[in-house]
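Chains as they are written, first to last, in the working numbering: chain A, 1 to 414; chain B, 1001 to 1592. Every residue gets a Cβ at the ideal spot worked out from N, C-alpha and C, and that includes glycine. Since this is a predicted model, take the numbers as computed values, not measurements. Everything below concerns the one structure shown next.
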Amino acid sequence: MPRRLAAALLLTVLAIVAVGAGRAGNNGQDFGRIERGRYLTIAGDCAGCHTDAGGAAFAGGLPIETPFGIVAATNITPDRETGIGGWTDDEFVRALTRGIRRDGAYLYPAMPYPYFTKVTLDDALAIRAYLSTVTPVKNVVKADQLPFPLKIRTDMAAWNKLYFTPGAYQTVAGKSAEWNRGAYLVEGLMHCGACHTAKNIAGADEASARLQGGVLQGWFAPDITNAARHGLAAWSVGDIVVYLKTGHNTFAAASGPMADEVSNSSSKMTEADLHAVAVYLKDQPGASEQAPAPLAASEPAIKYGAAVYRDECSACHTPAGSGIPGLFPRLAGSPAVQSDDVTSLIHVVMDGARSAATEAAPTAPAMPAFGWVLADQDIAAVLAYIRNSWGNAASAVTAAAVGQQRRALAHRQH
Amino acid sequence: MARKLPARDVVIIGLGWTGSILAYELAQEGLDVVAIERGPWRDTAIDFPPSFAQDELRYRIRHELFLRPAQTSLTFRNNKGQTALPVRSWGAFMLGNGVGGGGLHWNAETWRFLPSDFTLRSHLTQRYGAAFLPADMTVQDWSVTYDELEPHYDRFEYLCGTSGTAGNLKGIIQPGGNPFEGPRARPYPTPAQKQPFSHTLFAKAATELGYKPFPQPSGNLSQAYTNPLGVTMGPCTYCGFCEWFGCANYSKASPQTTVLPALLRKPNFSARTECEVTRINLDRSGKRATGVTFVDTSGAEWEQPAELVILCAFQLFNVQLLMLSGVGRIYDPNSGDGQIGRNFSHQTVSTAIGFFDKAKFNFNPFIASGSIGMCIDEFNGDNFDHGPHGFVGGGYMGQVQSNGRPIETIPVPPGTPAWGAKWKQAVRDNYLSTVDAGTGVHGSCQSYRSNHLDLDPTYKDRLGRPLLRMTMDLPENELKMSAFLTDRYAEIIKAMGAREVQKKPRQGPYDVTQYQTSHLCGGAIMGANPKESALNKYLQSWDVPNLFVQGATAFPQNAGYNPTDTVGALAYWSAEAIRKRYLKSPGPLVDA
Chain A
1 MPRRLAAALL
11 LTVLAIVAVG
21 AGRAGNNGQD
31 FGRIERGRYL
41 TIAGDCAGCH
51 TDAGGAAFAG
61 GLPIETPFGI
71 VAATNITPDR
81 ETGIGGWTDD
91 EFVRALTRGI
101 RRDGAYLYPA
111 MPYPYFTKVT
121 LDDALAIRAY
131 LSTVTPVKNV
141 VKADQLPFPL
151 KIRTDMAAWN
161 KLYFTPGAYQ
171 TVAGKSAEWN
181 RGAYLVEGLM
191 HCGACHTAKN
201 IAGADEASAR
211 LQGGVLQGWF
221 APDITNAARH
231 GLAAWSVGDI
241 VVYLKTGHNT
251 FAAASGPMAD
261 EVSNSSSKMT
271 EADLHAVAVY
281 LKDQPGASEQ
291 APAPLAASEP
301 AIKYGAAVYR
311 DECSACHTPA
321 GSGIPGLFPR
331 LAGSPAVQSD
341 DVTSLIHVVM
351 DGARSAATEA
361 APTAPAMPAF
371 GWVLADQDIA
381 AVLAYIRNSW
391 GNAASAVTAA
401 AVGQQRRALA
411 HRQH
Chain B
1001 MARKLPARDV
1011 VIIGLGWTGS
1021 ILAYELAQEG
1031 LDVVAIERGP
1041 WRDTAIDFPP
1051 SFAQDELRYR
1061 IRHELFLRPA
1071 QTSLTFRNNK
1081 GQTALPVRSW
1091 GAFMLGNGVG
1101 GGGLHWNAET
1111 WRFLPSDFTL
1121 RSHLTQRYGA
1131 AFLPADMTVQ
1141 DWSVTYDELE
1151 PHYDRFEYLC
1161 GTSGTAGNLK
1171 GIIQPGGNPF
1181 EGPRARPYPT
1191 PAQKQPFSHT
1201 LFAKAATELG
1211 YKPFPQPSGN
1221 LSQAYTNPLG
1231 VTMGPCTYCG
1241 FCEWFGCANY
1251 SKASPQTTVL
1261 PALLRKPNFS
1271 ARTECEVTRI
1281 NLDRSGKRAT
1291 GVTFVDTSGA
1301 EWEQPAELVI
1311 LCAFQLFNVQ
1321 LLMLSGVGRI
1331 YDPNSGDGQI
1341 GRNFSHQTVS
1351 TAIGFFDKAK
1361 FNFNPFIASG
1371 SIGMCIDEFN
1381 GDNFDHGPHG
1391 FVGGGYMGQV
1401 QSNGRPIETI
1411 PVPPGTPAWG
1421 AKWKQAVRDN
1431 YLSTVDAGTG
1441 VHGSCQSYRS
1451 NHLDLDPTYK
1461 DRLGRPLLRM
1471 TMDLPENELK
1481 MSAFLTDRYA
1491 EIIKAMGARE
1501 VQKKPRQGPY
1511 DVTQYQTSHL
1521 CGGAIMGANP
1531 KESALNKYLQ
1541 SWDVPNLFVQ
1551 GATAFPQNAG
1561 YNPTDTVGAL
1571 AYWSAEAIRK
1581 RYLKSPGPLV
1591 DA
């Protein structure tokens, strides 16, 4: 007990020293601040990476798959030796918002500091205050599992110069307070673009394609702008809120990495914040495009796909592709089904997927795996069918593309 | 020597319907609950997805979801003059195994018992005089009334989303429903399922004969439904693969589709699967349970201490575990003493098959669900005067054909050769134009002094425990009832326009190889006093007050309905007594 107290006192002193006399009111034990930090930690889904499956909270160790190799999330419990208990607040804020480690080395952007840089100092310190209260866990994490030459962290200095714009979020004049709150969350703590924005060859966001969809870990994170066809144009603000809160709405079910996000993060956020997020997303124009002409129902591939659909899919998704709200996703009119990138579609049909379980919608229905029973050409045909039926229109899917992903999924760690 | 695990507040034996409900209700109280289940974990998308759920060979013929007799079985005889032999393949009833239990593979008929069923002995004695009942008939009053159970029937039905048409709302008879049912506080949560052609034809014929047909209450849902626990179910697709199967569409009420998703979110609940409880442990006084002993798949033995033990296994295994644990005294049919094993009963089902002109009738029998059907209740319970007939009991009857599955749906008229070209032609000719409900008449089965359960003196299971021994026959009362009911049923099938009707009344002796239903009941019954029952009206053991025994084990005799709605209602009734009374002051809830 005396040691804990001493540590807490030391932290308080460090906080004052670190941020200067102007922030002398930053009491690390202030309940309001810790509670706000807890909420922000959820909004940022810190546990999503920093808690390993079955491991202690925030003790690190979860391998994060990047296009360049595996990076393991670090221990961010207050353990002084293996966690961040010995860090000053300043060092914490620098790591969170600038991507620089305590020892001065650069972090890899698997830690989404290019987003977290938007977080205000006050919020960053609240997160720090909360993390200082969680149970310290001794757990050494070998963070760095990248191959040479990527494992040279000084490379990141050049990367940062090219792709990283540091600085806290600046309020946009002429937009409502709610819109600005949404922007602050989406572009900052919630780091939506980490998945939903396509990456360039260096793994940085494609600035021209913000939130228009990206591929990661064998999934396609769809377009979440208000774009017609691929984006959220058909969803109301309320639809987005319900989806983020429950993992399900009339149109879709969160699965894959999004199921984790909803379960761990957005389902535990306030309605007001989710509403702000939705208002902001609905104001992102994205890149609307005209639908192509659908493939004709008389085409052999479509007829073949229709037969597969009748046998394997229609029992849940219904013959009309309308699904069952809250249970089986709607295929008719679905942007995800008509996406140019079919990674997620193939993934879900091949391996199945469990949807998010939340307090409001605990059912967590799952799509069964069909990879064992459907050949590549069956999957290609049924996808072509659902992408070109009930008013849907999108490109065909080739059996070769399905085969390629079948092999990729077979090699993937589940 | 069993290794001892950390103590929990509650240990639940068996994670089927009652185990899931009790676990949820007690976890809601903040208690630390562990459920121990003999069979495997079962999940819709992994274990019975639409791509292979509808496999009659795998599930119906090869019994994939059921207990393997090699794991444990029972012995059977008709009477005490015979030597019981082990059952090596399930026949008259199916024994579930794994998470979900019988609630996973049932047909989902969701009937309430009649108010008079709960006061059977008093009711019959009052109406017909004590001498009307056969001397060896041991039927009893339940000690709980319909009115007491009504709110709990309601809770179970709203958990399940039951599809039906109310026949009696707060005492006012409703058109299109069962006019004989007890009053219900509110309508079914979802409207009745749609009915196929032959089922509507049955209703038409029944109406013309003066009966009042109504749709069978169904746990296969007519529409999507979200229950009070927030769990969502889908609409039934009428695929006709319900009983013996898991539902691939989240549309049949089961622990998986109604309770488990909410239960699994509770940090104070955990489950151990593939672990078989071998004993309820008692302290030296024999009046208090200290927990359970179980074995895992490696044969290692574990002790799980707990303050409260809830026995939620299937009826037979509830009774066997009580006997093996020394709770109460084993029933002796000679003296009539002892409570564990008495008043064992089953069901008396029968049918009549109608063969129709194939040029005029195409019934498409494969469009169905497990609990679809149009029924009448004029001949159930004491809804008709038994005085002239010389028997008691009854049953609902209806066109409740639940499938047209290819291996077993082979209707051929009497006189058809058993194999060869003529048999094949007859199957072709009759498949689409035959009404074969399987269980067209769902008759009751009363309790008798001689029908009972005890431990077999010879045969043991793999762990060296004596097998349960079943002594069971169908007395004259049941056979008379079956003949009478089957005649009434056949009249309706004939009135539908059948060319030929083949009556199949139940005939003795009781045959353990021919499927009837899996509605075994009794053996540790509820009642008003510890002399004639094992449990009080809250399903609490008279002998061991921190032990509650759930399920049809408590039925003093079987009514002319499927038991699950009553099992569910009793579970909620018992859970409420534990929550509101027992936890505040642990001890007997009824003074003996």
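Reduced DSSP category for Asn1364 of chain B - H, G, I as helix; E, B as strand; rest coil: coil
Burial state of Leu1535 of chain B, where buried means 16 or more other Cβ atoms lie within 10 Å: Burial call: buried.
Taking just the CA atoms, how far does Pro1228 of chain B sit from Ala207 of chain A? 46 Å
Am I right that Leu216 of chain A and Cys192 of chain A are in contact with their C-beta atoms under 8 Å? What's the rounded C-beta distance? Rounded, the Cβ-Cβ distance is 13 Å, inconsistent with contact.
For Ala1002 of chain B, which of helix, strand or coil comes out of DSSP? coil
Just to confirm the assignment: which complete alpha helix (DSSP H) runs, minimum length 4, are found wholly within the region 371-397 of chain A? 376-386
So for Ile1013 of chain B, helix, strand or coil by DSSP? strand
Between Pro63 of chain A and the rest of its own chain, which residues show a CB-CB distance below 7 Å, the 5 nearest in sequence each way excluded? Excluding residues within five positions, the ones whose Cβ falls inside 7 Å are Ile70, Ala72.
Quick one: which unbroken alpha helix (DSSP H) runs of 4-plus residues sit fully inside the region 279-338 of chain A? Chain order, please. 300-312, 314-317
Give the secondary structure of Gly25 of chain A by DSSP, where H, G and I count as helix, E and B as strand, and everything else as coil. Below a pLDDT of 50, predicted positions are generally treated as unreliable, and Gly25 of chain A, at 48, falls in that range; the measurement from the model is reported next regardless. Of the three classes helix, strand and coil, the one that applies to Gly25 of chain A here is coil, per DSSP.
Going by alpha carbons, who is nearest to Trp1041 of chain B out of B:Gly1551, B:Pro1255, B:Val1295, B:Asn1430? Nearest option by C-alpha distance: B:Pro1255.
Taking the beta strand (DSSP E) that Leu1455 of chain B falls in, what are its first and last residues? 1452-1460
Apart from the five residues just before and just after Ala278 of chain A, which ones in its own chain have a Cβ nearer than 6 Å to its Cβ? Hits under 6 Å: Val237, Ile240, Val241.
Assuming Arg1077 of chain B contacts Ala1084 of chain B (C-beta within less than 8 Å), just tell me the rounded distance between them. 4 Å
Taking the alpha-carbon positions, what's the Glu1157 of chain B to Thr77 of chain A distance? Their backbone Cα atoms lie some 47 Å apart in a straight line.
Does the CB of Ala364 of chain A have a neighbour CB from chain D at under 8 Å? Protein chains A and B are contained in the structure displayed, whereas chain D is not.
With DSSP run on the structure shown, which of helix, strand or coil describes Ile1578 of chain B? helix
Under a Cβ-count criterion, where at least 16 other Cβ atoms within 10 Å of its own Cβ denotes burial, should Thr171 of chain A be classed as buried or exposed? exposed
Reducing DSSP to helix, strand and coil, say where Val1590 of chain B ends up. coil
Could you pull out every residue in the same chain whose Cβ sits closer than 7 Å to the Cβ of Val1319 of chain B, ignoring the five residues on either side in sequence? Ile1340, Gly1341, Leu1453, Leu1468, Gly1523, Ala1524, Thr1553
At least three beta-carbon pairs within less than 8 Å, the region 1423-1430 of chain B to the region 1321-1329 of chain B: Counting C-beta pairs closer than 8 Å gives fewer than three between the region 1423-1430 of chain B and the region 1321-1329 of chain B, which falls short of the contact rule.
Using the beta-carbon count (16 or more within 10 Å), is Ala18 of chain A buried or exposed? Annotation note: pLDDT 42 at Ala18 of chain A (below 50); position unreliable, coordinate value reported separately. The residue is buried, with at least 16 neighbouring Cβ atoms inside 10 Å.
Quick check on the DSSP output: what are the complete alpha helix (DSSP H) runs of length 4 or more inside the region 1498-1560 of chain B, in order along the chain? none
Just reading off the alpha helix (DSSP H) that Gly238 of chain A is part of, what are its end residues? 237-246
Per DSSP, which residues does Cys1239 of chain B bridge with? Please list them. B:Ala1368
Short CB-CB distance (under 8 Å) between Glu312 of chain A and chain B: yes
By DSSP's criteria, Phe1294 of chain B is part of a beta bridge. Which residues make up the other side? B:Val1277, B:Trp1302
Does Gly1415 of chain B pass the burial test, meaning 16 or more other C-beta atoms within 10 Å, or should it be called exposed? exposed
Host beta strand (DSSP E) of Met1472 of chain B (start-end): That residue, Met1472 of chain B, is in no beta strand (DSSP E); it is neither H nor E in DSSP.
If we ignore side chains and look at the alpha-carbon of each, how far apart do Glu1307 of chain B and Leu1264 of chain B end up? 22 Å
Just the chain A side, please: which residues come within less than 8 Å of Val1231 of chain B by C-beta, in chain order? One finds Pro362, Thr363 in chain A with Cβ atoms closer than 8 Å to the Cβ of Val1231 of chain B, taken in chain order.
Could you tell me the distance, in whole angstroms, from the CA atom of Leu1215 of chain B to the CA atom of Tyr1396 of chain B? Checking the sequence, you will find Pro at residue 1215 of chain B rather than Leu. Between the alpha carbons of Pro1215 of chain B and Tyr1396 of chain B lies a distance of about 12 Å.
Measuring straight from C-alpha to C-alpha, what distance separates Ile1013 of chain B and Ile1036 of chain B? 5 Å
Consult DSSP for Lys268 of chain A and reduce its assignment to one of helix, strand or coil. helix
Identity of the residue in A:Ala297, A:Asp205, A:Thr246 nearest Tyr163 of chain A by Cα: A:Asp205
Closer than 8 Å to chain B by CB, Leu383 of chain A: no
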